[in-house]
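Enquirer: Residue numbers (UniProt numbering), protein chains in the order written: chain A, 1 to 227; chain B, 1 to 227. From the three backbone atoms N, C-alpha and C, an ideal C-beta is built for every residue, glycine too.
Number of protein chains: 2
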Amino acid sequence: MAHLNIGSLIFDDLDQVDLTGPHEVLSRLPDSTWKIYAKTMAPARDMKGLRILPDALLEEAPQLDVLHVPGGFGVDAAMADPVILEWVRRQAMGAQAVFTVCTGALLLGATGLLRGKRATTHWASHHMLPIFGATAVNERVVEDGKFVTAAGVTSGFDGALHLAAKLRGTEVAQGIQLYMQYDPRPPFDSGTPETAPAALVASTRAAMASVLERREKAVRAVAAAFT
Amino acid sequence: MAHLNIGSLIFDDLDQVDLTGPHEVLSRLPDSTWKIYAKTMAPARDMKGLRILPDALLEEAPQLDVLHVPGGFGVDAAMADPVILEWVRRQAMGAQAVFTVCTGALLLGATGLLRGKRATTHWASHHMLPIFGATAVNERVVEDGKFVTAAGVTSGFDGALHLAAKLRGTEVAQGIQLYMQYDPRPPFDSGTPETAPAALVASTRAAMASVLERREKAVRAVAAAFT
Numbered sequence: 001m002a003h004l005n006i007g008s009l010i011f012d013d014l015d016q017v018d019l020t021g022p023h024e025v026l027s028r029l030p031d032s033t034w035k036i037y038a039k040t041m042a043p044a045r046d047m048k049g050l051r052i053l054p055d056a057l058l059e060e061a062p063q064l065d066v067l068h069v070p071g072g073f074g075v076d077a078a079m080a081d082p083v084i085l086e087w088v089r090r091q092a093m094g095a096q097a098v099f100t101v102c103t104g105a106l107l108l109g110a111t112g113l114l115r116g117k118r119a120t121t122h123w124a125s126h127h128m129l130p131i132f133g134a135t136a137v138n139e140r141v142v143e144d145g146k147f148v149t150a151a152g153v154t155s156g157f158d159g160a161l162h163l164a165a166k167l168r169g170t171e172v173a174q175g176i177q178l179y180m181q182y183d184p185r186p187p188f189d190s191g192t193p194e195t196a197p198a199a200l201v202a203s204t205r206a207a208m209a210s211v212l213e214r215r216e217k218a219v220r221a222v223a224a225a226f227t
Numbered sequence: 001m002a003h004l005n006i007g008s009l010i011f012d013d014l015d016q017v018d019l020t021g022p023h024e025v026l027s028r029l030p031d032s033t034w035k036i037y038a039k040t041m042a043p044a045r046d047m048k049g050l051r052i053l054p055d056a057l058l059e060e061a062p063q064l065d066v067l068h069v070p071g072g073f074g075v076d077a078a079m080a081d082p083v084i085l086e087w088v089r090r091q092a093m094g095a096q097a098v099f100t101v102c103t104g105a106l107l108l109g110a111t112g113l114l115r116g117k118r119a120t121t122h123w124a125s126h127h128m129l130p131i132f133g134a135t136a137v138n139e140r141v142v143e144d145g146k147f148v149t150a151a152g153v154t155s156g157f158d159g160a161l162h163l164a165a166k167l168r169g170t171e172v173a174q175g176i177q178l179y180m181q182y183d184p185r186p187p188f189d190s191g192t193p194e195t196a197p198a199a200l201v202a203s204t205r206a207a208m209a210s211v212l213e214r215r216e217k218a219v220r221a222v223a224a225a226f227t
């Protein structure tokens with residue numbers, strides 16, 4: 001069993017569960033090291049204010065075996081940052097597994113590496129994946145070759161368990177699931193646009209409209225650079 | 001609608017998802033403020049190394065409306081710390097809602113406030129609740145008066161959504177669930193000792209035996225002080 005270097009990217013305005021969900025799982029893989037990389041050593045502030053410290057600078061990362069990319073509103077700025085984008089592209093090309101959660105898939109898409117691949121992302125940004133040449137699949141976890149993409153926010157748990165099983169076997173993944181008592185019982189059935197009350201989906205889309213419009217502009221600008 | 005001051009306690013060797021799961025939900029309640037409180041302003045290091053910054057010192061907290069207490073191996077030391085214990089007791093007495101995740105229930109139990117109450121905690125420590133005079137209930141989320149206790153780690157999402165509905169109504173909770181795409185699809189059915197493979201449960205219990213023995217000693221020592 002070869003040692004695994006696992007690394008997550010962080011940036012301001014990430015959605016912290018995109019990072020912390022997978023951390024709970026992947027930091028428990030046998031014979032592995034897990035570190036958070038960022039452009040500066042300042043704490044990254046999540047969309048709602050939670051502050052998380054990086055472990056090292058981007059340029060200090062070895063070639064990672066597993067690259068993990070979270071999402072959140074900060075993805076728009078990260079996509080437009082050539083230093084971050086080039087780091088993601090280079091690490092993703094060399095890694096044996098690349099794992100995105102939520103709109104982290106858009107950041108990966110911005111490198112051009114999802115062209116022709118099946119992928120998923122947060123439901124509200126799902127229609128943007130084809131702008132990067134990816135096939136948008138409405139599933140919670142999508143695997144295409146070495147790329148594992150998970151849907152919105154909490155889907156990172158499911159994606160990380162899937163990846164844990166792929167990297168270290170089913171029993172390891174089941175043991176982590178048992179430890180973290182992952183036997184979810186949501187009190188409502190409101191986790192997707194298909195199951196949530198229609199009025200709520202409409203008001204949520206309306207509330208996100210300007211964010212999504214801005215994001216789509218950012219996505220089109222980056223995509224134009226390589227198409 | 002009265003403004004809600006929500007506060008989470010952190011300490012070294014917490015299990016970070018006990019904090020970050022509820023944060024994802026409770027930081028999105030309308031007309032509320034959410035802050036992390038700690039004994040010092042140093043970053044708290046989670047059991048697996050994730051470093052999170054507190055927002056303020058314990059003594060800077062106003063009387064909180066909602067007190068949130070995470071768990072993790074660090075609970076043993078926190079229970080034995082009179083400053084932390086007294087802060088939890090005082091805040092819990094004045095709060096309108098007290099929410100624990102995982103072994104955070106033991107820290108709350110150590111204040112004596114769970115005596116005669118129904119409660120839950122991580123499956124491996126479940127048998128310790130009665131030492132504090134609580135009735136241990138094998139459910140994912142247990143509500144008894146103003147106390148909401150959730151089982152291990154990831155149950156904090158379910159507990160927080162339950163609490164969100166209680167504090168701000170069902171539609172708010174459903175909207176947060178939709179935003180975070182909480183439509184869990186665990187790839188295995190291994191999240192409880194009842195559903196996981198028996199051999200895995202046995203090996204997990206064996207691996208945790210010394211931790212649990214140490215914890216039970218800590219629990220009995222604290223309980224002896226008030227019984």
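What separation, rounded to the nearest whole angstrom, lies between the Cα atoms of I6 (chain B) and D12 (chain A)?
Expert: C-alpha separation (whole angstroms): 23 Å.
Enquirer: If you run the structure through DSSP and keep just helix, strand and coil, what is F99 (chain B)?
Expert: Strand.
Enquirer: Among the candidates A:D158, A:L107, A:F157 and A:A160, whose CA atom is the shortest distance from the CA of A134 (chain A)?
Expert: Among A:D158, A:L107, A:F157 and A:A160, the Cα nearest to that of A134 (chain A) is on A:L107.
Enquirer: Specify whether the region 25-44 of chain A and the region 111-125 of chain A touch according to this definition: at least 3 beta carbon pairs, one from each stretch, less than 8 Å apart.
Expert: The region 25-44 of chain A vs the region 111-125 of chain A: no contact.
Enquirer: Return helix, strand or coil for D144 (chain B), following the three-state DSSP convention.
Expert: Strand.
Enquirer: Please say whether D15 (chain B) and residue 243 (chain B) have beta carbons closer to each other than 7 Å?
Expert: This structure cannot settle anything about residue 243 (chain B), because the visible part of chain B is limited to 1 through 227.
Enquirer: Determine which residues share a DSSP beta bridge with G7 (chain B) and list them.
Expert: Note: G7 (chain B) sits in a beta bridge opposite B:K35 and B:L67.
Enquirer: Between T103 (chain A) and chain B, is there a C-beta pair that is closer than 7 Å?
Expert: Cβ-Cβ to chain B under 7 Å: no for T103 (chain A).
Enquirer: Which residues of chain A have a Cβ atom closer than 8 Å to the Cβ of F157 (chain B), listed in chain order?
Expert: Simply T154, P184 and P186.
Enquirer: Apart from the five residues just before and just after K35 (chain B), which ones in its own chain have a Cβ nearer than 7 Å to its Cβ?
Expert: Result list for K35 (chain B): G7, D55 and A56, in chain order.
Enquirer: Starting from the beta carbon of T195 (chain B), find every residue of chain A whose beta carbon is closer than 8 Å, and list them in chain order.
Expert: The contacting residues are D183.
Enquirer: If you measure from the beta carbon of A151 (chain A) to each beta carbon in chain B, is any gap under 7 Å?
Expert: It does: the Cβ of A151 (chain A) has a partner Cβ on chain B nearer than 7 Å.
Enquirer: Name the one or two DSSP bridge partners that residue 228 (chain B) has.
Expert: Within the shown structure, residues of chain B are numbered from 1 to 227, placing residue 228 (chain B) beyond reach of any answer.
Enquirer: If I follow the unbroken alpha helix (DSSP H) through D46 (chain A), where does it start and stop?
Expert: Taken as a continuous stretch (DSSP letters only), D46 (chain A) belongs to no alpha helix (DSSP H), as it is neither H nor E.
Enquirer: Between which two residues does the alpha helix (DSSP H) harbouring V222 (chain B) extend?
Expert: Its alpha helix (DSSP H) spans residues A198 to F226.
Enquirer: With a 10 Å radius around its C-beta and 16 neighbouring C-beta atoms as the bar for buried, classify S210 (chain B) as buried or exposed.
Expert: When all chains shown are included, S210 (chain B) counts as exposed.
Enquirer: Which chain B residues are close to T120 (chain A), counting only those with a beta carbon under 7 Å from its beta carbon?
Expert: Residues of chain B passing the Cβ test: none, with the nearest at roughly 10 Å.
Enquirer: Can you name the start and end residues of the alpha helix (DSSP H) that R28 (chain B) belongs to?
Expert: It is not in any alpha helix (DSSP H) - R28 (chain B) carries neither H nor E in the DSSP assignment.
Enquirer: With a CB to CB cut of under 8 Å and the five nearest residues on each side skipped, what residues in its chain are close to D76 (chain B)?
Expert: So the qualifying residues of the chain are R214, R215 and A218.
Enquirer: Please list the partners that K48 (chain A) has in chain B, where partner means a Cβ-to-Cβ separation under 9 Å.
Expert: In chain order: H23, E24, S27, R28 and W34.
Enquirer: At a Cβ cut of 8 Å, what residues of the region 161-183 of chain A count as close to chain B, listed as they run along the chain?
Expert: Those would be L161, H162, A165, T170, E171, A173, Q174, G175, Q177, L178, Y179, M180, Q181, Y182 and D183, in chain order.
Enquirer: Run down chain B in chain order and give the residues with a C-beta less than 7 Å from the C-beta of P43 (chain A).
Expert: The answer, in chain order, is L53.
Enquirer: Can a CB atom of chain A be found closer than 7 Å to the CB of V17 (chain B)?
Expert: V17 (chain B) counts as touching chain A.
Enquirer: Just checking my contact of P186 (chain A) with D81 (chain B) at CB under 8 Å: how many whole Å lie between their CB atoms?
Expert: About 35 Å separates the two Cβ atoms, so there is no contact after all.
Enquirer: Going by Cα to Cα distance, which pick from B:T149, B:G94, B:G71 and B:L178 is closest to Q63 (chain B)?
Expert: Here the closest residue by C-alpha is B:G94.
Enquirer: Does the beta carbon of S210 (chain B) come closer than 7 Å to any beta carbon on chain A?
Expert: False, the Cβ-Cβ gap to chain A never drops below 7 Å.
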